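Before any comments, here is the structure.
In the working numbering, the protein residues as written are 129 to 186.
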């Protein structure tokens, strides 16, 4: 769920970037992919840290 939320937030920020520029170019698609992948990576890291804390603290 955490990864999905971060991907959604990354997608929303990328959509805002596309809406602000008013055009869809190859470079815009590359940035869109990078933003979504980075957001997913942050979500995954956040999930992993939480899992490690819950797993080893108990």
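Note that CB positions come from ideal geometry on N, CA and C, so glycine has one too.
Note that the structure is predicted; figures quoted are calculated from it, not measured.
Expected contact under 8 Å - CB spacing of residue i and residue j to nearest Å
i           : j           : result
residue 159 : residue 142 : 7 Å
residue 177 : residue 138 : The pair is not a contact, with the Cβ atoms about 19 Å apart (cut-off 8 Å).
residue 140 : residue 146 : At roughly 11 Å, the Cβ-Cβ gap does not stay under 8 Å, so residue 140 and residue 146 are not in contact.
Of the residues the options, the one placed nearest residue i, counting alpha carbons only
i           : options            : result
residue 134 : 181, 162, 180, 183 : 162
Where the alpha helix (DSSP H) containing residue i begins and where it ends
i           : result
residue 154 : 154 to 185
Collapsed DSSP secondary structure at residue i in the structure displayed
i           : result
residue 150 : coil
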